[in-house]
Amino acid sequence: MAVLLADIDATCSNLGHDDGVKYHMEPGTINGLKHLIWILKREGDDNEYRRYIGQKKVMQTDLIPMLMSNFDNPEVADVLLRLIVNLTYPVLLLYNGNYPKDSVGRRNFHRLVEILQTYKEAFAVQQAWIALGDRLQKVLKMDWAERTEEQELIIERILMLIRNILQVPSCVEAENRYEKAASVHDQVLWALHQTGILNLVLYILGSEHEHQYHLHSMEITCLIFREQTAISLADAQLTRTAAEKNSDELELIMSRKREKSHQQVRIPVARHSRFGGTYVVENMKSISDNNLICHQSLQNALKLEFDTDKAPVKKSFRHVKESGTVERKSAFSVRLFLRQFCIEILRASYNNLVRQVRRVLERHAGQEAGGGHDDSYLLWAIRFFMEFNRVYKFDLELVSESLSVPCFHWIITRIEHYIDMMRSDKTRARLWARRLHVAVQAYREMLQSLNTLQKFQDDKAKDLFAMLQNNVFYVLEYREVILHLLINYNENDSTR
């Protein structure tokens with residue numbers, strides 16, 4: 000182990016140097032990158048080599064400058080992309096989706112998350128994404144039938160790198176930014192927007208020939224809108240509305256009031272009770288026919304209870320708390336282009352995305368327990384985009400693929416599957432509970448969109464509503480799914 004740590008030091012020191020304009024590689028840089036990949040393949044469960052490379056800041060000082068200056072070299076680009084994708088791999092997947100239970104494992108877990116957050120901050124520069132976007136655009140311009148296997152891998156690895164960077168959780172305390180300021184996540188999104196990578200993702204989502212990359216592109220899309228709400232994006236306009244101004248003023252007034260009240264709080268002085276002692280309760284006999292003796296203070300003797308010495312029922316502290324979701328208002332410019340990006344997805348690729356991805360997930364159904372595809376991303380996308388369409392301008396044609404009987408049936412089967420997995424796979428019950436929560440949110444949005452569809456007067460909307468009503472509300476399984484969820488609710492695994 001110590002020998003490999005020394006190898007990491009020697010390899011990283013011989014990669015090259017950056018003069019501020021261009022990164023100059025050494026003759027053995029490619030072999031050094033391959034050696035780092037070889038070392039990462041041989042690390043243990045503690046991920047010591049990955050943590051050591053992160054502590055040395057090799058990503059910030061060598062790999063990203065090398066990416067910006069030498070990515071046009073195909074041999075360097077292939078090895079460098081493999082190493083960066085390996086280093087930015089999600090921490091939870093390194094632990095097979097299970098949060099470590101021992102203290103050492105939790106400490107290593109949090110340290111890896113902190114390292115990934117520094118990587119994400121380093122990738123907030125446009126030059127790195129320009130190099131990746133140019134390479135991705137060149138490969139996508141080629142006919143899909145003429146691409147080689149290496150070119151297919153380049154597309155997949157670039158999409159995986161984008162997904163790995165976007166999935167890094169935000170640390171609000173470490174960033175210490177006020178509301179509506181540009182966070183690190185917003186800076187990365189702005190860099191992706193300025194370099195045109197989001198347009199390439201949109202092209203992949205709408206293309207029928209790029210179906211093998213739809214899952215990666217859908218994950219990227221969900222991670223882009225992870226911190227946003229559909230209502231806030233739908234209400235984003237070029238000028239601030241009067242309601243938004245009033246809400247900001249009320250927030251400022253309330254924050255000032257909370258600060259003043261916090262300063263005026265005085266800690267009460269602990270006073271000793273002068274009424275301690277033993278009391279006799281008149282006109283109440285004990286077992287010995289004498290007056291009842293009360294060992295309580297005077298004010299509590301009037302509320303005499305005979306079960307004060309009984310051991311109370313222990314309350315469970317294993318209730319699941321709401322966690323894992325960070326919702327905040329991004330910078331104004333970020334919200335504007337995200338709103339436009341959401342509209343373009345609905346118009347150009349939403350129906351094709353739902354159709355293709357659901358087909359892939361149904362083909363590989365039941366494999367997510369063994370490390371297969373996570374279908375909660377599609378459920379989240381259905382919930383988010385249908386809510387945006389309902390709040391913004393309800394257009395039936397844009398969500399026709401999801402507002403259908405097969406999609407209703409698929410969501411119901413996912414809910415039932417997650418409930419069964421929570422019972423059978425108890426070691427990962429929290430994971431299945433989170434996916435169940437996403438599925439229930441998608442089902443709720445389907446019902447809300449159906450309620451909105453009921454208010455339309457055109458014949459096509461009326462026919463679709465009648466067809467969905469006859470196939471959803473008159474089927475026993477669909478009608479009793481909410482009752483089934485309430486009966487099987489377990490507060491130790493699921494949130495309220």
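Reminder that position 147 of the sequence shown reads as 146 in my numbering, one-by-one numbering, no gaps. No residue lacks a Cβ here, since even glycine has one placed at the ideal position from N, Cα and C. All figures in this text were calculated on a predicted structure; none of them were measured in a lab.
- request: Would you decide whether isoleucine 196 is buried or exposed? Buried here means 16 or more other CB atoms lie within 10 Å of its CB.
  value: Here residue 196 is taken as the residue at index 197 of the sequence shown, counted from 1. With 16 or more Cβ atoms within 10 Å of its Cβ, isoleucine 196 is classed as buried.
- prompt: Between the Cα of valine 359 and the Cα atoms of Gly27, His215, Glu343, Trp37, which residue gives the shortest distance?
  reply: What you label residue 359 is simply residue 360 of the sequence shown in a count that begins at 1. Minimum Cα distance to valine 359 is reached at His215.
- prompt: Count the other CB atoms within 10 Å of the CB of phenylalanine 384; is the residue buried (16 or more) or exposed (fewer)?
  reply: Residue numbering aside, residue 384 sits at position 385 when the sequence shown is read from its first letter. Residue environment: phenylalanine 384 is assigned as buried (16 or more neighbouring CB atoms within 10 Å of its CB, all protein chains considered).
Element boundaries [beta strand (DSSP E), containing aspartate 17]: Walking along the sequence shown from the start, residue 17 turns up at place 18. Per DSSP, aspartate 17 belongs to the beta strand (DSSP E) from 15-17.
- prompt: Hey, alanine 441 and isoleucine 410: beta-carbon distance below 7 Å or not?
  reply: Translated into positions along the sequence shown, residue 441 becomes position 442. Translated into positions along the sequence shown, residue 410 becomes position 411. Yes, the pair counts as a contact, with Cβ atoms nearer than the cut-off.
- prompt: Whose C-alpha, out of Ser182, Asn95, Val90, Val356, is nearest the C-alpha of glutamate 207?
  reply: Residue mapping note: residue 207 aligns to position 208 of the sequence shown, counting from 1. Among Ser182, Asn95, Val90, Val356, the Cα nearest to that of glutamate 207 belongs to Val356.
field: Length at least 4, wholly inside the region 93-165: the alpha helix (DSSP H) runs in chain order
entry: 102-121, 125-140, 148-165
- prompt: Straight-line CA distance for glutamate 386 to phenylalanine 393?
  reply: By one-based count along the sequence shown, residue 386 stands at place 387. By one-based count along the sequence shown, residue 393 stands at place 394. Cα-Cα distance, rounded: 9 Å.
task: For threonine 147, count neighbouring Cβ atoms within 10 angstroms of its own Cβ and tell me buried if that reaches 16, exposed if not.
output: Against the sequence shown, residue 147 aligns to sequence position 148. Here threonine 147 is exposed: its Cβ has fewer than 16 other Cβ atoms, across all protein chains shown, within 10 Å.
Aspartate 101 versus glutamine 136 - alpha carbon distance: What you label residue 101 is simply residue 102 of the sequence shown in a count that begins at 1. What you label residue 136 is simply residue 137 of the sequence shown in a count that begins at 1. Roughly 45 Å separates the two Cα atoms.
task: Rank Met67, Ile481, Ile230, Asn245 by C-alpha distance to the C-alpha of arginine 443 and give the top, closest one.
output: Taking the first residue of the sequence shown as 1, we reach residue 443 at position 444. Ranking Met67, Ile481, Ile230, Asn245 by Cα distance to arginine 443 puts Ile481 first.
Expected contact under 8 Å - CB spacing of arginine 81 and isoleucine 36 to nearest Å: Mapped onto the sequence shown, residue 81 falls at position 82. Mapped onto the sequence shown, residue 36 falls at position 37. The pair is a contact, with the Cβ atoms about 6 Å apart (cut-off 8 Å).
query: Can you round the beta-carbon distance between histidine 23 and glycine 15 to whole angstroms, since I take them to be within the 8 Å contact cut?
result: Counting from 1 along the sequence shown, the entry for residue 23 is found at position 24. Counting from 1 along the sequence shown, the entry for residue 15 is found at position 16. That belief holds up - the Cβ atoms of histidine 23 and glycine 15 are roughly 5 Å apart, short of 8 Å.
task: Drop a sphere of 10 angstroms on the beta-carbon of glutamine 468, count the other beta-carbons inside from all chains shown, and report buried for 16 or more, exposed for fewer.
output: Here the question's residue 468 lines up with position 469 in the sequence shown. Exposed.
query: Tell me which same chain residues have a C-beta within less than 8 Å of the C-beta of asparagine 85, skipping the five on either side of it?
result: Position 86 of the sequence shown, counted from the first residue, corresponds to residue 85. Same-chain partners within the cutoff: Ile36, Leu39.
query: Can you round the beta-carbon distance between threonine 228 and valine 200 to whole angstroms, since I take them to be within the 8 Å contact cut?
result: The residue you call residue 228 lines up with position 229 of the sequence shown. The residue you call residue 200 lines up with position 201 of the sequence shown. Not really, about 21 Å apart at Cβ, beyond 8 Å.
- prompt: Of all the options Asp492, Asp462, Tyr88, Val439, which has the alpha carbon lying nearest to the alpha carbon of tyrosine 477?
  reply: The residue given as residue 477 occupies position 478 in the sequence shown. Measuring from the Cα of tyrosine 477, the nearest candidate turns out to be Val439.
task: Tell me cysteine 293's beta-bridge partners as DSSP assigns them.
output: Walking along the sequence shown from the start, residue 293 turns up at place 294. Answer is Tyr278.
- prompt: Would DSSP call tyrosine 488 helix, strand or coil?
  reply: For the purposes of this step, residue 488 is identified with residue 489 of the sequence shown, where counting begins at 1. The answer is coil: DSSP assigns tyrosine 488 none of H, G, I, E or B.
message: Along the chain, where does the beta strand (DSSP E) containing tyrosine 417 start, and where does it finish?
response: The residue labelled residue 417 in the question sits at position 418 within the sequence shown. Taken as a continuous stretch (DSSP letters only), tyrosine 417 belongs to no beta strand (DSSP E), being part of the alpha helix (DSSP H) at 404-423.
task: May I have the straight-line CA-CA distance separating lysine 21 from alanine 190, to the nearest angstrom?
output: By one-based count along the sequence shown, residue 21 stands at place 22. By one-based count along the sequence shown, residue 190 stands at place 191. Spanning the two alpha carbons is a distance of roughly 20 Å.
- request: Would you kindly work out how many angstroms separate the C-alpha atoms of aspartate 288 and glutamate 281, rounded to a whole number?
  value: If you number the sequence shown from 1, residue 288 lands on position 289. If you number the sequence shown from 1, residue 281 lands on position 282. Going from the Cα of aspartate 288 to the Cα of glutamate 281 covers about 12 Å.
- prompt: How about alanine 460 and leucine 449: do their beta carbons lie closer than 7 Å?
  reply: If you number the sequence shown from 1, residue 460 lands on position 461. If you number the sequence shown from 1, residue 449 lands on position 450. Taking 7 Å as the Cβ cut-off, alanine 460 and leucine 449 do not qualify as a contacting pair.
- prompt: Would you call the CB atoms of alanine 330 and aspartate 185 closer than 7 Å?
  reply: Looking up residue 330 in the sequence shown gives position 331. Looking up residue 185 in the sequence shown gives position 186. Result yes, Cβ atoms of alanine 330 and aspartate 185 sit closer than 7 Å.
- prompt: Residue range of the beta strand (DSSP E) that histidine 23 falls in?
  reply: Numbered from 1 along the sequence shown, position 24 holds the residue referred to as residue 23. Boundaries of the beta strand (DSSP E) around histidine 23: 22-24.
- prompt: What separation, rounded to the nearest whole angstrom, lies between the Cα atoms of arginine 422 and leucine 463?
  reply: Counting from 1 along the sequence shown, the entry for residue 422 is found at position 423. Counting from 1 along the sequence shown, the entry for residue 463 is found at position 464. In a straight line, the C-alpha of arginine 422 is about 36 Å away from that of leucine 463.
- request: Could you please give me the residues that DSSP links to lysine 459 through a beta bridge?
  value: Within the sequence shown, the letter at position 460 stands for residue 459. Beta-bridge pairing by DSSP links lysine 459 to no other residue.
- prompt: Rounded C-beta distance between serine 399 and asparagine 470? I'm assuming under 8 Å.
  reply: Reading the sequence shown from its first residue, position 400 is the one you call residue 399. Reading the sequence shown from its first residue, position 471 is the one you call residue 470. No, serine 399 and asparagine 470 are not in contact; Cβ-Cβ is about 15 Å, not under 8 Å.
task: Give the straight-line distance between the Cα atoms of glycine 370 and phenylalanine 340, rounded to the nearest whole angstrom.
output: Within the sequence shown, numbered from 1, the residue matching residue 370 stands at position 371. Within the sequence shown, numbered from 1, the residue matching residue 340 stands at position 341. At glycine 370, the pLDDT of 48 sits below 50, so the modelled position is not reliable and the matter cannot be decided from this model.
field: Segment limits, alpha helix (DSSP H) that includes serine 448
entry: Numbered from its first residue, the sequence shown carries residue 448 at position 449. 428-453 is the span of the alpha helix (DSSP H), which, as asked, contains serine 448.
- request: Identify, in the order they occur along the chain, each residue of the same chain with its Cβ nearer than 7 Å to the Cβ of proline 64, setting aside the five sequence neighbours on each side.
  value: For this step, residue 64 is matched to residue 65 along the sequence shown. Spatial neighbours of proline 64 in its own chain (CB-CB distance under 7 Å, excluding positions within 5 residues in sequence) are listed in chain order as Asp17, Tyr22.
- prompt: In chain order, what residues of the same chain lie with their CB nearer than 8 Å to the CB of leucine 397, ignoring the 5 residues before and after it?
  reply: Taking the sequence shown and counting its residues from 1, one reaches residue 397 at position 398. Taken in chain order, the residues that qualify are Leu345, Arg346, Tyr349, Asn350, Asn388.
query: Is aspartate 8 helix, strand or coil when you go by DSSP?
result: As a working mapping, residue 8 is identified with position 9 in the sequence shown. Residue state, collapsed to three classes: helix.
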